[in-house]
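One structure is given here, and the rest of the page talks about it.
Number of protein chains: 2
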Amino acid sequence: METGKKLNGIIDCDVHPHPKSYQVIQSYMSEPWKSRFNAQTGLRGMYDNPIHVNRLDSVTPDGGYPCSDPEFTRKQLLDEYGINYAILLPRAFVSRYSNPDFAAAIAAAFNDWLAADWLDNNNDDGRYKGSITVAPQNPQAAAREIERWAGHPHFVQVMMDSGSTAPYGQQQFHPIYEACEKHGLPIAFHPGTEGVGINQSHVAGYPTTYMEWHTCLPLSAQAHLVSFITEGVFEKFPRLKLVMVEGGSAWLPSLLWRLDSEWKPLREEVPWVKKRPSEYIKEHVRLTSQPIESPDDPKHLLMNFEMMDAKNILMFSTDYPHWDFDSPTRSFPKMPEDLKRRIFFENAKELYNLE
Amino acid sequence: METGKKLNGIIDCDVHPHPKSYQVIQSYMSEPWKSRFNAQTGLRGMYDNPIHVNRLDSVTPDGGYPCSDPEFTRKQLLDEYGINYAILLPRAFVSRYSNPDFAAAIAAAFNDWLAADWLDNNNDDGRYKGSITVAPQNPQAAAREIERWAGHPHFVQVMMDSGSTAPYGQQQFHPIYEACEKHGLPIAFHPGTEGVGINQSHVAGYPTTYMEWHTCLPLSAQAHLVSFITEGVFEKFPRLKLVMVEGGSAWLPSLLWRLDSEWKPLREEVPWVKKRPSEYIKEHVRLTSQPIESPDDPKHLLMNFEMMDAKNILMFSTDYPHWDFDSPTRSFPKMPEDLKRRIFFENAKELYNLE
Numbered sequence: 001m002e003t004g005k006k007l008n009g010i011i012d013c014d015v016h017p018h019p020k021s022y023q024v025i026q027s028y029m030s031e032p033w034k035s036r037f038n039a040q041t042g043l044r045g046m047y048d049n050p051i052h053v054n055r056l057d058s059v060t061p062d063g064g065y066p067c068s069d070p071e072f073t074r075k076q077l078l079d080e081y082g083i084n085y086a087i088l089l090p091r092a093f094v095s096r097y098s099n100p101d102f103a104a105a106i107a108a109a110f111n112d113w114l115a116a117d118w119l120d121n122n123n124d125d126g127r128y129k130g131s132i133t134v135a136p137q138n139p140q141a142a143a144r145e146i147e148r149w150a151g152h153p154h155f156v157q158v159m160m161d162s163g164s165t166a167p168y169g170q171q172q173f174h175p176i177y178e179a180c181e182k183h184g185l186p187i188a189f190h191p192g193t194e195g196v197g198i199n200q201s202h203v204a205g206y207p208t209t210y211m212e213w214h215t216c217l218p219l220s221a222q223a224h225l226v227s228f229i230t231e232g233v234f235e236k237f238p239r240l241k242l243v244m245v246e247g248g249s250a251w252l253p254s255l256l257w258r259l260d261s262e263w264k265p266l267r268e269e270v271p272w273v274k275k276r277p278s279e280y281i282k283e284h285v286r287l288t289s290q291p292i293e294s295p296d297d298p299k300h301l302l303m304n305f306e307m308m309d310a311k312n313i314l315m316f317s318t319d320y321p322h323w324d325f326d327s328p329t330r331s332f333p334k335m336p337e338d339l340k341r342r343i344f345f346e347n348a349k350e351l352y353n354l355e
Numbered sequence: 001m002e003t004g005k006k007l008n009g010i011i012d013c014d015v016h017p018h019p020k021s022y023q024v025i026q027s028y029m030s031e032p033w034k035s036r037f038n039a040q041t042g043l044r045g046m047y048d049n050p051i052h053v054n055r056l057d058s059v060t061p062d063g064g065y066p067c068s069d070p071e072f073t074r075k076q077l078l079d080e081y082g083i084n085y086a087i088l089l090p091r092a093f094v095s096r097y098s099n100p101d102f103a104a105a106i107a108a109a110f111n112d113w114l115a116a117d118w119l120d121n122n123n124d125d126g127r128y129k130g131s132i133t134v135a136p137q138n139p140q141a142a143a144r145e146i147e148r149w150a151g152h153p154h155f156v157q158v159m160m161d162s163g164s165t166a167p168y169g170q171q172q173f174h175p176i177y178e179a180c181e182k183h184g185l186p187i188a189f190h191p192g193t194e195g196v197g198i199n200q201s202h203v204a205g206y207p208t209t210y211m212e213w214h215t216c217l218p219l220s221a222q223a224h225l226v227s228f229i230t231e232g233v234f235e236k237f238p239r240l241k242l243v244m245v246e247g248g249s250a251w252l253p254s255l256l257w258r259l260d261s262e263w264k265p266l267r268e269e270v271p272w273v274k275k276r277p278s279e280y281i282k283e284h285v286r287l288t289s290q291p292i293e294s295p296d297d298p299k300h301l302l303m304n305f306e307m308m309d310a311k312n313i314l315m316f317s318t319d320y321p322h323w324d325f326d327s328p329t330r331s332f333p334k335m336p337e338d339l340k341r342r343i344f345f346e347n348a349k350e351l352y353n354l355e
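Each protein sequence line maps, in turn, to chains A and B. Note that the first sequence covers residues 1 to 355 in full-length UniProt numbering. Note that the second sequence covers residues 1 to 355 in full-length UniProt numbering.
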């Protein structure tokens, strides 16, 4: 058995609760959406993982979906590793729907379910913190959905799929960020619907295999991050925070260098970008760690942490219950205690105002 | 004046000759293409650089296009820096055309012009080496074009825009790589038509500004490289070499790590990928250096060189005459002589069989 007892604290920023069945979600919806929602086949369709998308041992004792039972997850994840808080990111995959009202209805149903089954009950110690799912193709409804949950004691951020119709810095999405900023909620991007439904692919054309699709997910994260910078989102919303979930992190130094180099000669084109892009990113952006990169030489990862200032920007996550789960005790190389404490606890504690 | 005399040799892998006017290119074309080609407005249309795309001092003495005069370029670039060989990559932007025969006709005209004006004349000392432009949307014509020039003493590689309709590892492009391999010519990808004409964008949706478009070009390079790996191109063409031109390089370590991590659990899905992706890349792929990244702390760039094995994979380039030209003497931090020699000379000498 692995144990997290050596650590002073852990905040896990990437945990995926699952409804016991899609009928549960369906029960929160109203017509006409309710009868259109296919509760048998679920939500996916393209780029399915050819192996399995969840840890095999995360099926619940009564045979239910992985991460669909708060008690079992508490035992298998929180207690097993001594995790203080787990940030819950249900996967509703709403950005893929062509009908923005349908997408908003599904998002709202997911939020109702998460509040009822994970945040308001089964949460006596307050260790589960939730993400408000919103539909990016319906920014006005998304802003209303944020208003609906703002002030809830256990919703700590807003989340969108990074699969999208356009780079997320663009102006059509700004009502969402305005609502986030107003209520002090970070916005989080999580991959999963790139090239699916109405969404553009994250590469030129469509990838062939899941391995190609999944390997390229960091490109999606980077494109949205560049868009946030070049569109001046952090000047318009100076208190907004952005969390890039599950998109890799080792690419960050190269992107910071390139952004700063491009901005210097081209800043006339983007006069609303008033300082070096790396300064905005250090102030406003945090990255979750899973899947942490594993170079053959572990010291290369520590060099990379130094280059990206991981001490202030990287937040630990497991991606429970997914197949490529990162263990708090086994996935990272040996590193200085203060750096470990920042990555495993302090950075998320500060961002989400925990404890 | 800067001088390259301290170096034992320099091979510049990214130099852009320009016809004196587009009428020159037009003169090599036949009907019906000739009369359709707009020789007045040139080839571009979207994502134009808002400042200037060429070094201001590279306009020729008689007021002609930058890099349109082999003698002036020899003086301003080769002699100025003591560059032994310059790999010429004209910018025909052919991948953007919807009509594949039109695209092939323009590519062929560019090749005729490059051979006539730069490679067969004005090249007594053989310092100019050429790239065969081909149209990726017409793989059969591209293969014929490669056959047409194979054996020419000064064409040393085949080039395509990385702006494309699909990831370049896909099977429809394989006739091009078969011809490259047959004649021992590396294939080179150069950015420049992403999201233009028929090409997909390299981000989800279309970028807004040139800065956003240009900052994201490394994403295009990475997507094509991943496609080459996951489609098994180097197993099918075991002697093929690939050159990623002008797409950045500091991202390479993070991509190698991610590719290897993905391949291990997912290799059942891609049984034609028989070894770790990083092994294919080390053997088959080379990156050109410009624009070299400039971290605030130069030692971070040297760490990055170590992580990517720059000693064996990185090849120097200036991108002459473009605006973000890298100087052989000023753009790199101080580094060990043997590393410098590999990057500035040996890696390209070995790839292109020079001297």
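Each residue gets a CB set at the ideal place from its N, CA and C atoms; glycine is no exception.
- Contact between His16/B and His322/B holds: CB atoms are separated by about 7 Å, below the 8 Å threshold.
- In chain A, no part has a C-beta under 7 Å from the C-beta of Pro321/B; the shortest such distance is about 15 Å.
- The beta carbon of Arg127/A sits closer than 8 Å to those of Arg74, Leu78, Ile83, Asn84, Tyr85 and Ala86, all from its chain and outside the five residues before and after it, given in chain order.
- The beta strand (DSSP E) runs lying completely inside the stretch 214-253 of chain B and spanning 3 residues or more are 242-244, given in chain order.
- Setting aside the 5 residues that flank it on each side, His183/B is surrounded in the same chain by Ala150, each with a C-beta closer than 6 Å to its C-beta; the list follows chain order.
- Contact check for Gln172/A and Pro139/A: beta-carbon distance about 6 Å, within the 8 Å limit, so the pair qualifies.
- Neighbours of Trp33/A in chain B, taken as residues at a C-beta separation under 8 Å, are lacking, since the least C-beta distance is about 26 Å.
- For Phe316/A, same chain residues with a beta-carbon under 6 Å away, outside a window of 5 residues either side, are Ser289, Ile343 and Phe344 in chain order.
- Secondary structure note for Leu301/A: its alpha helix (DSSP H) is the uninterrupted segment Pro298 to Met308.
- Annotation note: the stretch 24-109 of chain B contains the following uninterrupted beta strand (DSSP E) runs of length 3 or greater, listed N- to C-terminal: 85-88.
- Chain B has no Cβ within less than 7 Å of the Cβ of Cys180/A.
- Ranked by Cα distance from Ile176/B, the first of Trp263/B, Met160/B and Ile281/B is Met160/B.
- Here the stretch 255-268 of chain A does not lie against the stretch 201-216 of chain A, with fewer than 3 beta-carbon pairs under 8 Å apart.
- At a Cβ-Cβ threshold of 7 Å, Gly247/A and Leu217/A count as neighbours.
- Taken in chain order, the whole beta strand (DSSP E) runs of length 3 or more contained in the stretch 116-142 of chain A are 128-133.
- Going by C-alpha positions, His202/A is about 9 Å away from Ala223/B.
- Using a Cβ distance threshold of 7 Å, Cys180/B and Leu240/B count as a contacting pair.
- Annotation for Asn122/A: Pro70 place their beta carbon closer than 6 Å to its own, counting only its chain and skipping 5 residues before and after.
- Rounded to whole angstroms, the gap between the alpha carbons of Arg36/B and Phe102/B is 9 Å.
- At least one C-beta of chain B is nearer than 7 Å to the C-beta of His202/A.
- For Arg286/B, the enclosing beta strand (DSSP E) stretches over residues Val285 to Thr288.
- Under the 10 Å beta carbon count, Gly63/A is surrounded by fewer than 16 other beta carbons and is classified as exposed.
- With respect to the 7 Å criterion, Phe110/B and Pro90/B are classified as neighbours on the basis of their beta carbons.
- For Leu314/B, the secondary structure class from DSSP, reduced to helix, strand or coil, is strand.
- Taking Lys349/B as reference, the option from Trp251/B, Pro186/B, Phe228/B and Pro298/B with the minimal CA-CA separation is Pro186/B.
- For His190/B, there is no enclosing alpha helix (DSSP H); the enclosing beta strand (DSSP E) has its first and last residue at Ile187 to His190.
- In the three-state DSSP reduction, Tyr280/B falls in the helix class (H, G or I).
- When C-alpha distances from Trp213/B are compared across Thr230/B, Gly232/B, Leu225/B and Thr193/B, the shortest belongs to Thr193/B.
- Closest in C-alpha terms to Leu287/B, from the list Val134/B, Val156/B, Thr60/B and Phe189/B, comes Phe189/B.
- Of the candidates Asn347/B, Pro277/B and Asp12/B, Asp12/B places its Cα closest to the Cα of Tyr320/B.
- Within chain A, no residue has its CB atom less than 9 Å from the CB of Gly232/B, the nearest being about 10 Å off.
- By the rule that beta-carbons nearer than 7 Å mark a contact, Gly205/B touches chain A.
- Neighbours of Met160/B across chain A, judged by C-beta separation under 9 Å, do not exist; the nearest C-beta is about 12 Å away.
- Asp338/A: not part of any beta strand (DSSP E); member of the alpha helix (DSSP H) spanning Glu337 to Arg341, first to last residue.
- DSSP places His183/B outside both helix and strand once states are collapsed to three, so it counts as coil.
- Closest by C-alpha distance to Val53/B, out of Lys264/B, Glu283/B, Ile229/B and Met211/B, is Met211/B.
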